[in-house]
Amino acid sequence: MTAAPAPLHRALGLTDEELARVVEILGRQPNELELALYGVMWSEHCSYKSSRVHLQRLPTAGERVLVGPGENAGVVDAGDGIAVAIRIESHNHPSAVEPHQGAATGVGGILRDIFTMGARPLAVADALFFGPPDDARQRWLIDGVVSGISSYGNSVGVPTVGGELTFDPCYAGNPLVNVLCLGALRADRLVLGRASGRGNLAVLLGSATGRDGIGGVSVLASAGLSGRADGAKRPNVQVGDPFEEKRLIEACLALLDAGLVVGIQDLGGAGLACATSETAARGGVGMDVDVAAVPRREPQMAPWEVMTSESQERMLAIVTPDAWPAVEALCGRWEVQASMIGTVTDDARRPGRLRVHDGDRILGDVPAASLAQDAPRYERPMRPPADLERARADDPSASEPLGDCGAELRALLVDPSWVYRQYDHQLFLNTVVGPGGDAALLRLAGPGLPPSERGVAVTTDSAPRWCAIDPRAGVALVLAESVANLACVGASPVAVVNCLNFGNPEHPEVVWQLSETVDGLAEACRVWGLPVVGGNVSLYNETDGVDIPPTPVLGVLGLVERLVDRPPEPVLAAGASVVLLGARRAPGAVAHPLAGSRWALECRDRRRGVLPPLDPEAHARVSGFVAALVAETIGGGGRLLDGVHDVSGGGLGVALAEMAVAGGTGVVVSGIDGHAELFTELPSRILAATSHPAALCARAAAAGVPAAVIGRAGGDRILVEGRAGMLVDLSMTELAESWAGSLAGSLERA
Amino acid sequence: MKFAARVEVRLRPGIADPEGATIERALPALGFDEVREVRAGRSFRFEIEAADAATAGRRAEELARRLLANPVIEDSDVELQGLEPAGER
Amino acid sequence: MKFAARVEVRLRPGIADPEGATIERALPALGFDEVREVRAGRSFRFEIEAADAATAGRRAEELARRLLANPVIEDSDVELQGLEPAGER
Amino acid sequence: MSARIGVVVFPGTNCEHDTVAGLERAGAAATLVWHREDRLDGFDAVVLPGGFAHGDYLRPGAIARFSPVMAAVARFAAAGGPVLGICNGFQVLTEAGLLPGALVKNRGLRFVCAPARVRVESARSALTSGLEPGTELSIPVNHFSGSYVCDVATLAELRSAGRVVLRYVENPNGSVDDIAGVASPEGNVVGLMPHPERASDALVGSSDGLPLLRALVGAAAGVPAA
Ligand SMILES: Nc1ncnc2c1ncn2[C@@H]1O[C@H](COP(=O)(O)OP(=O)(O)O)[C@@H](O)[C@H]1O
Ligand SMILES: [Mg+2]
């Protein structure tokens, strides 16, 4: 084998130390193909080399957990013999280069992670972060990303039932596109991405292999964006094919139903290199792969290109030789190409080797595990930001004067329907609450699943404005919001997935943010008994050396015992009393903290201060109380609430306005403690509308939950009376206009 | 002067073309086995007012690059043709 | 012999073209006020094997009419060009 | 014995299970039919469901219309059997020439998934027989190319012959004359862009689609198996 010229390893993203380590592992100089394998597999994207040491601190155990982190997706027991698979992943850098295809292939990738587990993908949620839409480039990004998710998700036939949308100048140069997918399977049909059984066949399913994203994810996902995002990255843009993916889903699920596969793995980052080494390493076996057997889309591809290509819509299945004819026939029916490209080996003398052949020539021979689990891990230096103390002191709560609350309220209203109207959110007839609700609520049903009256709920949440101030406390508040969102549709949380979007890990402050975030998430998960079953890390989100704010995105899965009736929606009905559940004031000096609030950021441009406190027990009480009330209703029992909505971004003011607009009625609220109480994002508060306020308050008291009747729905104005005079007095027409016009207005302009 | 421009926007060589591939897969069933290498693209026609052909060409190229094609994955060609001043159509 | 074919599919005159209209609306903002009458269409390229140019042309026309264009709303033009036999893909 | 309805599945179709569920709620016995089948014996009606047959590549329905099953659908329709095309199914029927006109990209060039109010305009079709013209229903639309177009003569014919079976109350896509659904001269072949099966269960939003599906089931029960 030819020894590689020295600089090549650097071009492939390996440090000199990493090369030395490869030489040590192999006991010789690697050749070019082997270097390419290590280059892609040891990239940040595939190896998590900077984040693993931290991720290990996340709690992953729970009595419902069937599969935790480490596989393609987490899997939870949902009861009635049904298991739910869930996973979230980022596609940030590809989306910045070509928003439509970047987002589309992001959807394709996360779907494969789910059906790789044997689950039928049933729902997608997308968390999107852009700069403000008043700029043409941002509109191009937003339009491209949304149309990409829409065209891929709708066509492949998986409803997009939720997500979120954040606009902040911090993301102008480096947008974030995180996609979550949830699927369901018969609990007894769980499969893992493992190879086993000497002599079994490695079968490549799906698209032909082209030069797509050669080292693409490594390059696209592991190098920051600077200036104009195209140029050098052009060849790495990949085009998604939802039609191929749809056939691949049907073929793979049919193969699993027929019991024809031993193990199966999707091809994502690092393509065949990753899929073959991961399945072999997980199964503790070796694998012989023949690049000559891989169907090509382009002529004259080099073996290393075939091994690292990231062509989309491909899967690797491990099948027994006698099953091959059946596999071929079944794939033929779905017009899915299936090729034998390798065999599982179990060589006692040299176990666990990944050997790459080109016909009868051996081109590479490395320990599979050295590419996968045994990739390097770094404990990178970390340091809190220098101005931490000064930042805490710079708090807007007391210092910001009263302004025109009505105008500020109008400025905070955003109607995201411009985005989700473009998503099929109804396919499968499971969507009881779709996008626009606090959390998506779905019937737990799908082709091939045992009958069940259960429901699943899912929410994605994030708040970079909080996490930038205090990553540890911020991420806990984000999880609190997720729990409250689930409560509003009657669901109890059971598992968490997370996508950690951060800046450059070579900056010690970024590593500190990551570490604080992991610890904050770990603590919060422990107090509420929630396991983390999966996630994804995206680093190097920076533009010209400026890091994005720490942006953990949480996806939380909730379960519902019985779902036979619709839950109350986030609406007010004329005549209903408006009840605020949960403590109205924070303990301590600052009753209504404003630091980190959308109001402070968007209306007063204040990004610092001290976040509102979170009392985990009190939060569990309020959320549990509401979840129980709503569960009663959707289970076919009583209906005490006419409307319900958690108080989150924009505070009480925005929650009220959203419910009023949705209900098409005005509302009169009084006794509000100034603009601070109107806009604070103090957690653990849920707004309810009811025609039986006395009964509601009595039940709340019994549950140890503070409850206050703060107003009444009706009329055609929104009136908020403060202790020191009227704070808001707007016609519902004005309010509805600000709501509906905000986003559509800026995005529909040419 | 007025010119008629035609811009063809094509995926760059090497970029996957699922649409072309799907059309090609369908052809044998329709009895077109002799057709291969199908690539799908977009085409735009417009009228452009300019002092001379050179300017018209430059502007059309510019329009193609900036608005009609996404240079990250697509190439574009421009064809120009003079039009009788006014009167027609 | 092998021929390279290009088929352009255009919306019939009179059929609304929201794509062309949207592009035209965006032009002034981009400083292209001199551009008018934008129409969006599709373009397909493929290789076709045939005894002679006439046959290749006839078959390509047929493919365009039967599959590539929807005669209810679209017209199509075919352009042919000979390719050196064999060797190249 | 309840009507037997075949639901055709092309590669890329994705509403087949929902359509079976909706038809069963409406009292039919529905089974899936793979697009390579060339016979539809034993069915009382045929439904082409929504989705993205062949990825909607080229044009929605452009490739699907050449599937073997489509010749059988044409024979079934010619014999007077009820044929319903929903969304992508409607697009396939127009591409196949079993219904006039075409469905082009939405005005606005964006995918639309939203509830739509539609008005029953004519009871002279397998989908609307027995319904009161003027009845308004709330049924979701879910499409990118749902804007109905046809030439002037066709439009005049559709209107005068009562072949416009459904109109949008608020046009979501730019369809000519607010057309949401049309029928063949005999009324046995019907296509519509809205998804009645998505409005067949109040738990997931609305059950306004059931009267339409019941009408189809009724029409199916009325004809002897083709
Ligand atoms: N932030 C995280 N928290 C928990 N698990 C994580 C996190 N990030 C990654 N993981 C786990 O690490 C494994 C590998 O992640 P990744 O390489 O993104 O998977 P894939 O190769 O399928 O894209 C997955 O099982 C994922 O769940
Ligand atoms: Mg994976």
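If you're matching them up, the sequences are chains A, B, C and D in order.
For the first sequence, position 591 (counting from the first letter as 1) is numbered 578 according to the numbering used here, and the numbering increases by one without interruption.
For the second sequence, position 46 (counting from the first letter as 1) is numbered 52 according to the numbering used here, and the numbering increases by one without interruption.
For the third sequence, position 38 (counting from the first letter as 1) is numbered 44 according to the numbering used here, and the numbering increases by one without interruption.
For the fourth sequence, position 4 (counting from the first letter as 1) is numbered 14 according to the numbering used here, and the numbering increases by one without interruption.
We put the beta carbon where it would ideally sit given N, CA and C, even for glycine.
Sort out for me which residues DSSP pairs residue i with in a bridge.
i	result
residue 153(D)	122(D)
residue 240(A)	The partner list for residue 240(A) (beta bridge, DSSP) is empty, contrary to what the question assumes.
residue 542(A)	447(A), 484(A)
residue 42(C)	53(B)
residue 479(A)	546(A)
residue 8(C)	55(C), 89(C)
residue 273(A)	332(A)
residue 174(D)	192(D)
residue 28(C)	In the DSSP output, where bridge partners are listed per residue, residue 28(C) has none listed.
residue 31(A)	Note: residue 31(A) sits in no beta bridge, so no partner.
residue 677(A)	564(A)
residue 699(A)	564(A), 655(A)
residue 44(D)	19(D)
With C-beta atoms as the reference, is residue i less than 8 Å away from residue j?
i	j	result
residue 482(A)	residue 63(A)	yes
residue 9(A)	residue 25(A)	yes
residue 54(D)	residue 14(D)	yes
residue 352(A)	residue 146(A)	no
residue 553(A)	residue 123(D)	no
residue 584(A)	residue 645(A)	no
residue 227(D)	residue 103(D)	no
residue 339(A)	residue 272(A)	yes
residue 302(A)	residue 278(A)	no
residue 524(A)	residue 640(A)	no
residue 424(A)	residue 619(A)	no
residue 80(B)	residue 15(B)	yes
Identify the contact partners of residue i in chain D, using a Cβ-Cβ distance below 9 Å as the criterion.
i	result
residue 321(A)	21
residue 75(B)	Residues of chain D passing the Cβ test: none, with the nearest at roughly 17 Å.
Name the chain B residues that come within less than 9 Å of residue i, Cβ to Cβ?
i	result
residue 70(C)	Under the 9 Å cutoff, chain B gives no residues; its nearest Cβ is about 11 Å from residue 70(C).
Residues of chain D with a CB under 8 Å from the CB of residue i: which are they?
i	result
residue 25(B)	65, 67, 68
residue 36(B)	76
residue 32(B)	64, 73, 76
Can you name the residues of chain C whose CB is closer than 8 Å to the CB of residue i?
i	result
residue 47(B)	48, 49, 50, 51
residue 67(B)	Near residue 67(B) there are no residues of chain C at all, since even the closest Cβ is about 12 Å away, more than 8 Å.
residue 117(D)	22, 24
residue 56(B)	40
In chain B, what lies closer than 8 Å to residue i by C-beta?
i	result
residue 117(A)	Going along chain B, no residue has its Cβ under 8 Å from residue 117(A), so there is no contact; the nearest lies around 18 Å.
Which bits of chain A does residue i rub up against, with CB to CB less than 9 Å?
i	result
residue 28(D)	413, 414, 415, 416
Would the C-beta of residue i count as close to ligand 4, meaning under 7 Å from any of its heavy atoms?
i	result
residue 155(A)	Ligand 4 is not among the ligands present in this structure, which contains only ligand 1 and ligand 2.
Name, please, each residue of chain A whose Cβ falls closer than 8 Å to the Cβ of residue i.
i	result
residue 22(B)	194, 197, 199, 225, 226, 228, 284, 298, 299
residue 114(D)	By Cβ distance, chain A contributes nothing, its closest Cβ being about 17 Å from residue 114(D), past 8 Å.
residue 122(D)	408, 409
Residues of chain A with CB under 7 Å from residue i, in chain order?
i	result
residue 183(D)	Neighbours of residue 183(D) on chain A: none; closest Cβ ~12 Å, over 7 Å.
Starting from residue i, find everything on chain C with Cβ-Cβ shorter than 7 Å and list it in chain order.
i	result
residue 42(B)	52, 53
Using a Cβ cut-off of 7 Å, pull out every chain B residue sitting near residue i, in sequence order please.
i	result
residue 14(C)	49
For a contact defined as C-beta to C-beta under 7 Å, what are the partners of residue i on chain D?
i	result
residue 29(B)	67, 68
(request) Give, in chain order, every unbroken run of the beta strand (DSSP E) that is at least 3 residues long and sits entirely within the stretch 33 to 103 of chain A. (result) Segments of the beta strand (DSSP E) lying fully in the stretch 33 to 103 of chain A: 52 to 54, 61 to 66, 69 to 77.
(message) As an exercise, report each continuous beta strand (DSSP E) stretch of at least 3 residues that is fully enclosed by the stretch 96 to 122 of chain D, in chain order.
(response) Uninterrupted beta strand (DSSP E) stretches at least 3 residues long and entirely within the stretch 96 to 122 of chain D occur at 112 to 114, given in chain order.
(request) Would you mind listing the beta strand (DSSP E) stretches within the stretch 553 to 634 of chain A that are 3+ residues and don't spill past its ends, in chain order? (result) As summarised for the stretch 553 to 634 of chain A, the continuous beta strand (DSSP E) elements at least 3 residues long and confined to that stretch are 564 to 568, 630 to 633, given in chain order.
(request) Give, in chain order, every residue of the stretch 130 to 164 of chain D whose Cβ lies closer than 8 Å to some Cβ of chain B. (result) So nothing in the stretch comes that close.
(message) Short of 7 Å Cβ to Cβ, which residues in the stretch 70 to 101 of chain D face chain B?
(response) Per Cβ criterion, the list reads 73, 76.
(request) Quick one: which unbroken beta strand (DSSP E) runs of 3-plus residues sit fully inside the stretch 66 to 98 of chain D? Chain order, please. (result) DSSP runs (the beta strand (DSSP E)) wholly in the stretch 66 to 98 of chain D: 93 to 96.
(message) Residues of the stretch 178 to 211 of chain D in Cβ contact with chain C at a cutoff of 8 Å, in chain order, please.
(response) Listed by position, the residues of the stretch 178 to 211 of chain D near chain C (Cβ gap below 8 Å) are 184.
(message) Extract the residue ranges of the beta strand (DSSP E) inside the stretch 292 to 360 of chain A, only unbroken runs of 3 or more that lie entirely within it.
(response) Those beta strand (DSSP E) runs which fall completely within the stretch 292 to 360 of chain A and span 3+ residues are 301 to 306, 325 to 332, 340 to 345, 348 to 354.
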